[in-house]
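Asks: Sequence lines, in order, name chains L and W. Our numbering puts the first residue of the first sequence at 27, with every later residue one more than the last. Our numbering puts the first residue of the second sequence at 5, with every later residue one more than the last. Ideal Cβ placement from N, Cα and C applies to all residues, glycine included. This one's a predicted model, so the numbers in the text were calculated from it and none came from an experiment.
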Amino acid sequence: MTSPEQAAAPAAPAAATLPSRPEFSARAARWFRLNQDRLRGLLIGTASLILFLIAWHLLTTYRVVFFVKFTNVPAPLAVYASFTKAIHDPKFLMHILLSCRRIFIGFSLAALVGVPLGLIMGRFKLVHEIVFPVAEVLRPIPAIAWVPMAIMLWPTNEQSIVFITFLGSFFPILVNTLHGMTLVDPVLVRAAKCLGAREASIFREVYFPASLPHIFTGLTVGMGVAWVSLIAAEMISGQFGIGYFTWEAYSLVQYADIALGMIAIGVLGLGSSLVIRAAGQLVMPWRSR
Amino acid sequence: MSQIAAETRQGHIEVRDFALSYETIDGAVEAVTDTQIHVEAGEFVSIVGPSGCGKSTLLNAVAGFLKPTSGVVTVDGSVVTGPSAERGMVFQQYSLFPWKTVRENVEFGLKMRGMPKFERARAARTLLGLAGLEAFENHYPERLSGGMKQRVGIVRALATGPKVLLLDEPFGALDAQTRIIMQQILTNMWQRLKISVLFVTHDIDEAIFLSDRVYCMTARPGSIKAEIQIPLERPRQQSMMMSSEFLALRRGLMSLIREESLKAMGGEITDLGMQGLGIELQGQSIPDIL
Ligand SMILES: Nc1ncnc2c1ncn2[C@@H]1O[C@H](COP(=O)(O)OP(=O)(O)OP(=O)(O)O)[C@@H](O)[C@H]1O
Ligand SMILES: [Mg+2]
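1. Is L:R216 near ligand 1 - that is, is its Cβ less than 7 Å away from at least one heavy atom of it?
2. Which same chain residues, not among the five before or five after W:E4, have their C-beta less than 7 Å away from its C-beta?
3. Between which residues of its own chain and W:I189 is the CB-CB distance below 7 Å, once the five residues before and five after are set aside?
4. Beta-carbon within less than 8 Å of L:S227's beta-carbon, same chain only, minus the 5 sequence neighbours each way: which residues are those?
5. Indicate whether L:L143 and L:W172 have their beta-carbon atoms separated by less than 8 Å.
6. Could you work out which residues of chain W lie near L:K219, taking near to mean beta carbons separated by less than 7 Å?
7. Does any CB atom of chain L fall closer than 8 Å to the CB of W:W194?
8. Please compile the residues from chain W whose C-beta is within a distance smaller than 8 Å of the C-beta of L:L214.
9. Which residues, in chain order, sit with a beta-carbon under 7 Å away from any heavy atom of ligand 2?
10. Is it right to say W:E111 is buried, meaning 16 or more other beta carbons lie within 10 angstroms of its own, or is it exposed?
11. Using a Cβ-Cβ cut-off of less than 7 Å, list which residues of the region 170–204 of chain W approach chain L; keep chain order.
12. For a test of the three-state rule: what should DSSP assign to L:T28, helix, strand or coil?
13. Report the three-state DSSP secondary structure of W:K198 (helix, strand or coil).
14. With a CB to CB cut of under 7 Å and the five nearest residues on each side skipped, what residues in its chain are close to W:Y144?
15. Runs of 3 residues minimum, wholly inside the region 9–40 of chain W: which ones carry the beta strand (DSSP E) assignment?
16. In chain L, what lies closer than 7 Å to W:M2 by C-beta?
17. Could you tell me whether the Cβ atoms of W:E34 and W:P225 are closer together than 8 Å?
18. Which term fits W:G15, buried or exposed, when burial requires 16 or more other beta carbons within 10 angstroms of its beta carbon?
19. Taking 7 Å as the cut-off, does the CB of W:G56 come closer than this to any heavy atom belonging to ligand 1?
20. Which residues in the same chain as L:A282 place their Cβ atom closer than 6 Å to its Cβ, once the five residues preceding and following it in sequence are excluded?
21. Nearest chain L C-beta to W:A67 closer than 8 Å, yes or no?
22. Using beta-carbon positions only, say whether W:P87 and W:A65 come within less than 8 Å of one another.
23. Please check the pair W:L170 and W:G150, which I expect to be a contact at CB under 8 Å, by giving their CB distance rounded to whole angstroms.
24. Quick check: is the beta carbon of W:M93 nearer than 8 Å to any beta carbon in chain L?
25. Can the beta-carbon of W:L114 be found closer than 8 Å to that of W:K153?
26. Tell me which same chain residues have a C-beta within less than 8 Å of the C-beta of L:M288, skipping the five on either side of it?
27. Listed from N- to C-terminal order along the chain, which residues in the region 294–313 of chain L have their beta-carbon within a distance smaller than 9 Å of any beta-carbon of chain W?
28. Show which residues of chain L have a CB atom less than 7 Å away from the CB atom of W:T164.
29. Beta-carbon within less than 7 Å of L:A223's beta-carbon, same chain only, minus the 5 sequence neighbours each way: which residues are those?
30. Cβ of W:V218 versus every heavy atom of ligand 1: is any distance shorter than 7 Å?
31. L:I129 to W:I199, Cα distance in whole Å?
32. Between W:M193 and W:L162, how many whole angstroms is the CB-CB distance? I'm expecting something under 8 Å.
33. Below 7 Å between beta carbons is the criterion; list the residues of the region 19–31 of chain W that meet it against any residue of chain L, in chain order.
34. Counting only Cβ pairs nearer than 8 Å, list the residues of chain L close to W:E146.
35. Which of the three DSSP states is assigned to W:T78 in this structure?
36. CB of W:G75 to nearest heavy atom of ligand 1: below 7 Å?
Here it is, written out as structure tokens:
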């Protein structure tokens with residue numbers, strides 16, 4: 027090897043590539059320093075949640091009436107009591123399981139149709155020209171507005187609810203995937219062509235991975251809308267599901283269960299978006315810092 | 005490596021009666037006209053010229069991304085009709101695949117060729133070693149410095165054993181020190197692999213230091229204004245850039261370019277002036293404004 031190449035090999039960043047197993051405490055200290063911001067966020071976040079619970083507790087125990095009435099709002103402890111009862115109640119668990127299943131089926135179908143369709147629309151102009159106008163007209167219709175139509179379209183209630191969940195997540199997924207395709211750097215496509223890539227390889231090796239960040243944005247948004255749509259559909263036409271549970275609690279004057287249903291929905295929604303984020307980090311290792 | 009060495013003494017580029025215009029809303033923009041260039045097998049040739057003279061256009065036509073409006077581009081006698089792995093390209097913006105590690109980037113061309121995983125990994129490691137990058141094979145490009153990125157870009161383009169390497173201002177975004185190192189790496193690789201290089205730059209020193217021959221282009225529409233042999237002996241050292249021979253070549257090229265740059269800017273200035281005038285007269289006349 028000649029000198030310029032040696033000169034070109036920088037020695038400094040080698041430490042980053044070959045961790046020499048430093049002492050544990052030094053590692054821990056570094057981890058602490060690197061994650062300082064995150065830890066801070068965690069701490070403040072926890073404190074803010076606790077404050078929220080305290081405020082809720084005070085507002086309800088003193089039955090505050092100030093524009094809004096807290097007279098009938100259940101206290102956190104009452105909700106907790108109904109929670110401990112509910113987790114031993116197979117019916118409550120079934121409501122949750124059914125909602126999750128509807129989300130899973132509806133959302134998966136939306137992803138399985140929306141992502142490939144978006145990719146193909148981004149690549150083939152004719153498909154774009156045919157599909158886009160229809161999609162643009164249907165897109166602004168909220169999934170809830172589809173409830174009557176869905177009930178007419180599908181033989182069972184279950185199918186129409188899944189269909190509405192599907193619709194809710196389908197359009198964000200499609201639109202974001204398509205958006206990702208339009209943003210693919212043409213120079214990368216050129217680079218691939220210069221390296222002997224043909225159409226199929228360019229699609230697989232360039233367009234698809236380049237669009238992945240936007241696809242995952244679509245999936246995250248889609249998941250959120252899926253829950254919104256599902257809960258609305260369950261409240262209107264369901265017989266089971268966590269949305270139905272919440273609405274039923276209101277009709278049965280089970281105020282603590284209303285809050286329990288709401289919190290369950292929030293936790294499920296949060297959990298499912300965390301799953302998507304984790305999947306995104308798994309699929310896009312180059313983006314994790 | 006051996007198969008790369010076996011394909012030596014090829015890569016004769018011939019550009020004949022070349023012209024290329026871009027279709028725009030205002031009509032055709034003539035970017036390059038009446039251009040003849042050639043690169044002999046194993047030769048290092050640079051193209052310099054004022055900004056906007058059509059250097060990239062010419063290079064992209066040789067790469068097969070643009071079709072000439074008239075004329076023909078051939079490599080070893082066969083007409084260029086589209087991009088191919090036999091003409092490697094290095095871009096100013098590096099254009100590494102962000103979702104691939106350094107090694108996967110280098111392997112890409114070999115993968116496209118259907119080389120088995122294990123073999124191409126070995127080939128990629130060898131090449132990365134040549135560029136002093138073996139320690140970074142599992143890094144994603146985002147975390148590399150500009151110089152390292154471009155080394156990966158060059159290695160990636162060379163991995164498939166192209167006959168020709170095309171570079172469009174590859175070091176334009178690098179600082180002076182890194183640039184010099186990169187020039188030496190490129191020279192080394194070129195001498196080792198014995199391929200033809202067509203190199204676009206606006207840096208005159210770089211062109212002289214690297215090349216066997218330099219084409220100087222005119223302002224737009226670009227054509228070849230001059231062709232300059234660089235008789236400096238090889239291997240070239242950094243110290244040569246102070247030699248009287250080098251400086252004389254530099255002065256010559258400098259004055260050629262200055263002429264064209266002035267022409268290019270002058271043209272633009274009068275163009276703008278005319279446009280401004282045109283708009284005023286067409287749009288609102290003085291009574292309108294009053
Ligand atoms: N797609 C295009 N459509 C219309 N005109 C274009 C297009 N691409 C380039 N041009 C024009 O053609 C001329 C040549 O462009 P080109 O990019 O080849 O110049 P260049 O010599 O590489 O310039 P630079 O040194 O700035 O990179 C320029 O005047 C440019 O404005
Ligand atoms: Mg250019």
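Replies: Quick answer:
1. In the first sequence, residue 216 of chain L corresponds to position 190, counting from 1. Checking the Cβ of L:R216 against ligand 1 gives no.
2. Given a span of 5 to 294 for chain W in the structure shown, any question on residue 4 of chain W remains unanswerable.
3. To locate residue 189 of chain W, count along the second sequence from 1; it is residue 185. Apart from sequence neighbours up to five positions away, the residues of its chain that approach W:I189 with a beta-carbon distance below 7 Å are A135 and R155, ordered along the chain.
4. Within the first sequence, numbered from 1, the residue matching residue 227 of chain L stands at position 201. The answer, listed in chain order, is A218.
5. Start at 1 with the first residue of the first sequence, and residue 143 of chain L comes out as number 117. Start at 1 with the first residue of the first sequence, and residue 172 of chain L comes out as number 146. No, Cβ-Cβ distance for L:L143 and L:W172 is not below 8 Å.
6. On the first sequence, position 193 is the one that residue 219 of chain L refers to. Neighbours of L:K219 on chain W, chain order: P87.
7. Counted from its first residue, the second sequence places residue 194 of chain W at position 190. Among the residues facing chain L, W:W194 is not included, as its CB has no counterpart in that chain under 8 Å away.
8. Along the first sequence, one-based indexing puts residue 214 of chain L at 188. Within chain W, the residues near L:L214 are S99 and F101.
9. W:K59, W:S60, W:D172, W:E173 and W:V204
10. Sequence index remark: in the second sequence, residue 111 of chain W carries index 107 (1-based). Label assigned to W:E111: buried.
11. I185, Q188, I189 and N192
12. For the purposes of this step, residue 28 of chain L is identified with residue 2 of the first sequence, where counting begins at 1. Low confidence applies here, because L:T28 scores a pLDDT of 41, under 50, leaving its location unreliable; read the following figure in that light. DSSP places L:T28 in coil when its eight states are reduced to three.
13. Taking the first residue of the second sequence as position 1, residue 198 of chain W is located at position 194. Three-state DSSP puts W:K198 in coil, outside helix and strand.
14. Counting from 1 along the second sequence, the entry for residue 144 of chain W is found at position 140. Excluding sequence neighbours, W:Y144 sits near P102 and T105.
15. Listed in chain order, the complete beta strand (DSSP E) runs (minimum 3 residues) inside the region 9–40 of chain W are 17–28.
16. Residue 2 of chain W lies beyond the range of chain W shown here (5 to 294); nothing can be said about it.
17. Position 30 of the second sequence, counting from 1, holds the residue named residue 34 of chain W. Position 221 of the second sequence, counting from 1, holds the residue named residue 225 of chain W. Against a cut-off of 8 Å, the Cβ pair of W:P225 and W:E34 comes out as a contact.
18. Here residue 15 of chain W corresponds to residue number 11 of the second sequence, with the count starting at 1. With 16 or more other Cβ atoms within 10 Å, it is buried.
19. Position 52 of the second sequence, counted from the start, is the residue given in the question as residue 56 of chain W. Result yes, Cβ under 7 Å from ligand 1.
20. Numbered from 1 along the first sequence, position 256 holds the residue referred to as residue 282 of chain L. Correct list, in chain order: P100, A104, V105 and S108.
21. Locating residue 67 of chain W in the second sequence gives position 63, where the first residue counts as 1. For W:A67, the answer is yes, since a Cβ of chain L falls inside 8 Å of its Cβ.
22. The residue given as residue 87 of chain W occupies position 83 in the second sequence. The residue given as residue 65 of chain W occupies position 61 in the second sequence. Taking 8 Å as the Cβ cut-off, W:P87 and W:A65 do not qualify as a contacting pair.
23. The residue you call residue 170 of chain W lines up with position 166 of the second sequence. The residue you call residue 150 of chain W lines up with position 146 of the second sequence. Actually they do not touch by this definition, with Cβ atoms about 20 Å apart.
24. Position 89 of the second sequence, counted from the start, is the residue given in the question as residue 93 of chain W. Chain L, which has a Cβ nearer than 8 Å to the Cβ of W:M93, makes this yes.
25. As a first step, residue 114 of chain W must be located in the second sequence, where it is residue number 110. As a first step, residue 153 of chain W must be located in the second sequence, where it is residue number 149. In this structure, W:K153 does not lie closer than 8 Å to W:L114 by Cβ.
26. Your numbering for residue 288 of chain L matches position 262 in the first sequence. The residues are T272.
27. M310, P311, W312 and R313
28. In the second sequence, residue 164 of chain W corresponds to position 160, counting from 1. What W:T164 touches in chain L: L221 and G222.
29. Along the first sequence, read from residue 1 onward, the residue named residue 223 of chain L stands at position 197. Contacts found: E231.
30. Looking up residue 218 of chain W in the second sequence gives position 214. False, no ligand heavy atom lies under 7 Å from that Cβ.
31. On the first sequence, residue 129 of chain L is found 103 positions in, with the first residue counted as 1. On the second sequence, residue 199 of chain W is found 195 positions in, with the first residue counted as 1. Using only the alpha carbons, I get a separation of about 58 Å.
32. What you label residue 193 of chain W is simply residue 189 of the second sequence in a count that begins at 1. What you label residue 162 of chain W is simply residue 158 of the second sequence in a count that begins at 1. That pair is a contact at about 6 Å.
33. none
34. Here residue 146 of chain W refers to the residue found at position 142 when the second sequence is read from its first residue. Chain L residues near W:E146: W312.
35. The count along the second sequence starts at 1 and reaches residue 78 of chain W at position 74. Residue state, collapsed to three classes: strand.
36. Locating residue 75 of chain W in the second sequence gives position 71, where the first residue counts as 1. Outside the cutoff, so no.
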